[in-house]
Every structure is written in C-alpha cells, then in structure tokens.
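A.B. asks:
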Amino acid sequence: MWQEFRQNMLDYRNSNEEVIGFFFCKPHQVSKRKIRYIPKAWVVPSPDCYEMQSVSGLVLTQQFHFYLLKQYLKEGLHVVHIHTHVGEIIPEFSSVDNYYEADYARFLAKNFPKKPRLISGVFNQSLEQSKFRIWDRKGKKSYDIKFSTNYLESTNSLEDNFQEHNIASTIQNYGAIDMTKLISNDRNLMFSRQKVFGETCQKQLGELKVSLIGCGGIGSIFAELLGRLGVRNWILIDSDRIEAVNLNRMPGATQKMVEQRWKKVDCVKHLIKKIYQTGSCVTTIPTAIDNEVARSAIATSDLIVVATDNHLSRKIAQELALEYMHPLICLGTHIDLNQCDRKPRMFCRVTIPPLGGGWCLMCGNIINLQKAAVESAPVQINQMVASAGYLEGVNDPAVFWLNSICASTAVGVIHGTVSGFLNVNAGIDWVYEFPNCVWHQTNTEYLETPDCYFCSNFDAFTAKSEEFSSESNVENMDYWL
Numbered sequence: 001m002w003q004e005f006r007q008n009m010l011d012y013r014n015s016n017e018e019v020i021g022f023f024f025c026k027p028h029q030v031s032k033r034k035i036r037y038i039p040k041a042w043v044v045p046s047p048d049c050y051e052m053q054s055v056s057g058l059v060l061t062q063q064f065h066f067y068l069l070k071q072y073l074k075e076g077l078h079v080v081h082i083h084t085h086v087g088e089i090i091p092e093f094s095s096v097d098n099y100y101e102a103d104y105a106r107f108l109a110k111n112f113p114k115k116p117r118l119i120s121g122v123f124n125q126s127l128e129q130s131k132f133r134i135w136d137r138k139g140k141k142s143y144d145i146k147f148s149t150n151y152l153e154s155t156n157s158l159e160d161n162f163q164e165h166n167i168a169s170t171i172q173n174y175g176a177i178d179m180t181k182l183i184s185n186d187r188n189l190m191f192s193r194q195k196v197f198g199e200t201c202q203k204q205l206g207e208l209k210v211s212l213i214g215c216g217g218i219g220s221i222f223a224e225l226l227g228r229l230g231v232r233n234w235i236l237i238d239s240d241r242i243e244a245v246n247l248n249r250m251p252g253a254t255q256k257m258v259e260q261r262w263k264k265v266d267c268v269k270h271l272i273k274k275i276y277q278t279g280s281c282v283t284t285i286p287t288a289i290d291n292e293v294a295r296s297a298i299a300t301s302d303l304i305v306v307a308t309d310n311h312l313s314r315k316i317a318q319e320l321a322l323e324y325m326h327p328l329i330c331l332g333t334h335i336d337l338n339q340c341d342r343k344p345r346m347f348c349r350v351t352i353p354p355l356g357g358g359w360c361l362m363c364g365n366i367i368n369l370q371k372a373a374v375e376s377a378p379v380q381i382n383q384m385v386a387s388a389g390y391l392e393g394v395n396d397p398a399v400f401w402l403n404s405i406c407a408s409t410a411v412g413v414i415h416g417t418v419s420g421f422l423n424v425n426a427g428i429d430w431v432y433e434f435p436n437c438v439w440h441q442t443n444t445e446y447l448e449t450p451d452c453y454f455c456s457n458f459d460a461f462t463a464k465s466e467e468f469s470s471e472s473n474v475e476n477m478d479y480w481l
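Counting along the sequence shown from 1, when you hit position 135 you're at 135 in UniProt numbering, and nothing is skipped either side.
Put into structure tokens, the structure is as follows:
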C-alpha cells in the first residue's frame with residue numbers, strides 16, 4: 001500500500017519538479033519511549049492544487065490547504081508532510097525546509113484545538129531514500145524518527161524489551177522476563193547455515209517480538225520452529241494446562257509434565273530456553289486473550305499469531321491486530337471422515353489478512369461470529385447449545401504431522417516476508433488438503449468485503465475529494481520514535 005502512495009507521488013511529479021504528499025496519523029503508545037504513528041488517510045495533491053510547484057519551492061493553494069486541514073485535523077490526527085528533492089542521493093533537509101517546517105509546526109499547534117504534531121519527511125526523486133523527523137509544538141526542535149514500509153519490521157530491539165515495556169510489574173504473577181547478554185560468537189555459529197538469506201534478515205528475526213496466542217498442538221510446534229530460525233522475543237498466552245491428550249502433538253511435553261500440571265505456556269517457554277540458554281526474552285501469561293494483561297502485552301509486540309481451537313479468541317486477535325496495526329497470522333487444522341467410504345480428509349490453513357484492513361478473518365468467513373458469541377457466553381449457555389447440537393466439540397481429531405505442516409508453512413511465510421522474497425501485502429489464505437497433497441490459494445479479491453463491520457471503515461472522517469486530490473484511506477506504514 002505504500003507503493004500506491006509512492007506511485008501517486010511519482011505520477012504527479014514532472015521533470016525537475018518537487019511534489020508533496022500527506023499522511024494523517026493516529027499515535028499509538030508502543031512503550032514508555034516509543035510511539036508509533038499509524039496512518040488513517042493519505043493525500044497526494046494533483047498539480048492544480050499548487051500555486052507554485054518547482055525545484056525552488058512548493059506552495060499549495062490556500063483553498064486546498066484549508067480543505068485538507070479542516071477535513072482531517074478535526075479528528076485529532078497528526079500531520080506527516082512528505083516532499084521530494086531533485087536527485088538520487090540520500091536527501092537532507094535544507095535550511096529552507098528548516099525555516100518553513102518550524103513555522104508550520106507552530107501554526108498547527110496554535111490554530112487547532114488538539115494541537116497536532118508535525119512529522120516531516122524528505123525523499124529523493126525516485127522516493128527510494130528518505131529521512132524523517134518530528135517537530136515539537138513550538139517549532140524549536142526536531143528529532144529523528146524511524147520510517148519503514150516492511151510488513152514485519154521490528155519496532156523494538158532486544159535491549160529495549162525489558163526497559164521499555166512497562167508491564168513487568170503487571171505480569172509478575174504470570175511469568176518472568178528472562179534476559180541475559182548474547183554470546184555473539186555462538187549465535188553466529190548457530191545461524192551460519194542461514195547466511196544465504198543475509199545478515200539483515202537474521203538481525204530482524206532476532207529483534208522481532210511475537211505474541212503467540214495458543215500454545216497447544218500447533219502453537220508449540222510453531223514456537224520451536226520460529227525459535228530455531230532466530231526469533232528470541234516472545235509473549236506466550238494460553239490459560240490451559242498440559243493433559244495426557246496433548247502428548248501426541250506437543251513437542252517437549254512429557255507424562256511428568258501432565259502429572260505436575262504444567263501450564264502450556266511454561267512448556268513452550270521451556271522449549272525456547274532449550275534453544276537459547278542466554279539472550280531470549282520470554283513472557284508467559286496463562287490467561288485468556290480477553291484478559292487486560294494479555295491485551296496490554298500484545299500491544300507491545302510486532303506480530304500476532306493465533307493458533308487456538310475456538311472462534312472467540314481468533315475474533316479478539318483480529319480486533320487487536322486492527323486496533324494496534326499489527327500483522328496477524330491465523331493457523332488451524334481440520335480432520336473429518338467421508339461419510340460414504342469413511343476415509344479421512346485432512347486440511348491445514350494459514351491465513352494472513354492484509355495489514356490495516358481490506359479483508360479480515362470475520363469477513364473472509366474464517367471466523368464464525370455466531371460460534372464466537374456462544375463461546376463468550378456463560379458455561380451454562382454453552383452446555384445448552386452443545387447439547388442441542390448447535391456447537392461442535394473442541395476435542396476434534398488432531399495429529400502431530402498435520403499440525404507441523406501448518407506451523408512450518410507459517411514460519412516459512414514469516415521467513416520469506418522478512419527476507420523480502422514473499423509479498424503478503426494483499427494478504428494470503430492457503431489451505432493444504434491431504435491425501436490429495438494439494439495447496440489451494442484463495443483469490444483474496446473475493447475475500448474483500450466493502451461493508452465489513454470490523455475492517456472496512458475505521459473512521460467516518462475519511463471522505464474523498466476527487467476534485468482536490470488523489471486520496472485513499474489506508475493504514476499501512478509504521479512511523480515510530
């Protein structure tokens with residue numbers, strides 16, 4: 001979606017002319033010292049919106065500028081002002097940029113009740129190289145700000161996790177954060193056979209923080225596979241304890257753990273700690289996803305993975321992904337018997353909705369909202385519905401190898417996305433069918449639902465103005481301090 005904005009900027013740029021583009025963003029507090037600015041709308045002015053457009057300067061018409069600010073700043077959004085410089089070298093802010101941006105920052109804070117902040121960005125003429133900064137409201141100081149279009153780029157380094165995620169006191173009764181200094185030589189040797197994917201890929205995997213919801217048959221396999229790929233920072237959420245029925249599909253689970261009533265999150269933490277004796281950061285939260293502690297922890301992560309066996313938790317995970325603008329991966333398997341010949345049919349499904357909307361688990365018919373509503377009801381109502389035959393049992397058939405196909409495919413997608421050879425911006429919905437051994441790839445265009453209650457319209461103030469600009473209500477990129 002960044003490419004859509006970029007292409008509009010390039011289309012409106014003539015030879016030796018600079019162009020302006022805007023994002024209007026909502027801030028999201030990631031941690032004590034980090035704020036991510038989430039775009040709620042973007043605008044690229046067409047040539048007739050300028051009083052002057054040349055290499056020497058850019059001036060928008062007063063009418064258009066008034067419309068722009070009136071349309072978006074009334075909702076308390078912040079302004080991201082992007083312009084270009086001629087040439088292909090890494091751009092620098094000029095003294096002219098400094099003067100007018102400082103004045104613009106003061107103007108915004110003085111003339112709008114909610115005192116929006118100004119974030120400015122400068123690109124080279126191909127919009128490949130950039131620098132960003134954020135101004136204080138007095139227009140006296142600016143600070144560098146990180147910009148990324150990477151779907152899975154981490155906003156937190158390993159060293160930041162313990163210091164910045166102000167949740168340690170809240171979760172002290174649920175699990176401990178364990179962090180020690182990495183032994184770099186051992187780490188380099190451990191991943192020596194992955195060098196073909198590049199040092200940047202391995203570094204991003206090491207910094208990625210994953211919230212895993214569901215630490216059972218699929219989730220535990222997923223955690224071990226992704227852990228061995230290089231992911232060391234985890235938030236594990238599951239309220240269940242290990243039972244004998246889990247031993248056929250949970251790696252590392254033992255009869256002794258069943259007897260000692262281990263929590264599933266502790267079992268998965270044990271797996272990760274066996275991979276990394278030092279340098280990992282694992283937070284265990286043995287509650288349901290709707291618990292406020294779990295929600296707060298999920299907000300600090302970079303990626304949400306839901307591997308549960310119920311519709312309610314998946315629905316909540318999707319809602320949180322939309323709210324926090326986090327990528328979401330949904331994993332599941334299903335086994336049934338052909339009623340005619342009694343032969344089994346087996347399926348696994350990996351679904352990644354597009355970041356920020358377009359389609360979601362609800363409008364893609366991946367979640368049954370009626371079942372989710374029943375699952376959220378009191379136990380007595382669940383029992384009544386189940387006895388009446390309206391609710392399937394959760395003790396569905398499950399085997400380790402099918403769960404492994406599902407989990408390993410998801411890990412492969414993450415690896416491909418971080419490495420840059422797989423594009424999931426439009427989302428994916430892949431279904432594996434056995435014994436036919438066929439992967440079905442859903443055409444995600446058919447999953448798009450314009451009137452979806454959950455993901456179609458995030459805000460009512462994103463009305464278009466065809467006569468003034470090329471504009472789209474996308475939530476796409478990450479800006480953070």
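We put the beta carbon where it would ideally sit given N, CA and C, even for glycine. Given the structure is predicted, the values throughout are model-derived calculations rather than measurements.
Sorted by chain position, which residues of the same chain lie with C-beta nearer than 6 angstroms to residue 337's C-beta, five sequence neighbours on each side aside?
C.D. replies: Same-chain partners within the cutoff: 344.
A.B. asks: Taking the straight line between their C-alpha atoms, what separation do you get for residue 161 and residue 281?
C.D. replies: Any reading at residue 161 needs caution, since the residue's pLDDT is 41, under 50, leaving its predicted position unreliable; the model's value is listed next. Distance between the alpha carbons of residue 161 and residue 281 is about 8 angstroms.
A.B. asks: How about residue 283 and residue 236: do their beta carbons lie closer than 8 angstroms?
C.D. replies: For residue 283 and residue 236, yes; Cβs fall inside 8 angstroms.
A.B. asks: Relative to the alpha-carbon of residue 210, which residue among 329, 45, 303, 67 has its alpha-carbon at the smallest distance?
C.D. replies: Considering only alpha carbons, the answer is 303.
A.B. asks: Under a three-way DSSP split, which group does residue 401 fall into?
C.D. replies: Three-state result, residue 401: helix.
A.B. asks: Measuring CA to CA, which of 372, 114, 272, 139 is closest to residue 75?
C.D. replies: The option with the nearest alpha carbon to residue 75 is 114.
A.B. asks: Is residue 242 closer than 8 angstroms to residue 257 when the C-beta atoms are compared?
C.D. replies: Result yes, Cβ atoms of residue 257 and residue 242 sit closer than 8 angstroms.
A.B. asks: Between residue 35 and residue 27, is the Cβ-Cβ spacing less than 8 angstroms?
C.D. replies: Yes.
A.B. asks: Looking at C-alpha atoms only, which residue of 419, 416, 404, 357 is the closest neighbour of residue 426?
C.D. replies: It is 357.
A.B. asks: Cα-Cα, which of 130, 139, 69, 215 is closest to residue 103?
C.D. replies: Cα-wise, what sits closest to residue 103 is 139.
A.B. asks: Candidates 222, 295, 400: which alpha carbon is nearest residue 412's?
C.D. replies: For the residues 222, 295, 400, the minimum Cα distance to residue 412 belongs to 222.
A.B. asks: Return the CA-CA distance between residue 207 and residue 295, expressed in angstroms with no decimal places.
C.D. replies: Approximately 21 angstroms between the Cα atoms of the pair.
A.B. asks: Within a Cβ cutoff of 7 angstroms, which residues of the same chain sit near residue 429, ignoring the five residues on either side of it in sequence?
C.D. replies: Cβ neighbours of residue 429 beyond the five flanking positions: 351, 364, 442, 444, 447.
A.B. asks: Taking 8 angstroms as the cut-off, decide whether the C-beta atoms of residue 18 and residue 58 are in contact.
C.D. replies: Contact: yes.
A.B. asks: Taking the continuous alpha helix (DSSP H) assigned at residue 204, which residues delimit it?
C.D. replies: First-last of the alpha helix (DSSP H) with residue 204: 199-207.
A.B. asks: Could you round the C-beta distance between residue 39 and residue 64 to whole angstroms and report it? I think they count as a contact, below 8 angstroms.
C.D. replies: Between residue 64 and residue 39 the Cβ distance is about 20 angstroms, and since that is not below 8 angstroms, they are no contact.
A.B. asks: Just the Cα atoms here: how many angstroms apart are residue 355 and residue 270?
C.D. replies: Approximately 31 angstroms between the Cα atoms of the pair.
A.B. asks: So is residue 364 in contact with chain D if we call contact Cβ pairs under 8 angstroms?
C.D. replies: No chain D appears in the structure shown, which is made up of a single protein chain.
A.B. asks: Buried or exposed, going by whether 16 or more other CB atoms sit within 10 Å of the CB of residue 333?
C.D. replies: Result: buried.
A.B. asks: Residue ranges of each beta strand (DSSP E) run of no fewer than 3 residues wholly in the UniProt domain "THIF-type NAD/FAD binding fold" (195-333), ordered along the chain?
C.D. replies: Correct list: 209-213, 233-237, 281-285, 303-306.
A.B. asks: Using only the alpha-carbon positions, how far apart do residue 308 and residue 212 sit?
C.D. replies: For residue 308 and residue 212, the distance between alpha carbons rounds to 10 angstroms.
A.B. asks: Could you check the C-alpha separation between residue 310 and residue 372 for me, to the nearest Å?
C.D. replies: Distance between the alpha carbons of residue 310 and residue 372 is about 7 angstroms.
A.B. asks: Using alpha carbons as the reference points, say which of 420, 81, 320 lies closest to residue 118.
C.D. replies: Residue 118 has its Cα closest to that of 81, out of 420, 81, 320.
A.B. asks: Using CA coordinates, which residue listed in 21, 418, 261 is at the minimum distance from residue 230?
C.D. replies: It is 418 whose Cα lies nearest to the Cα of residue 230.
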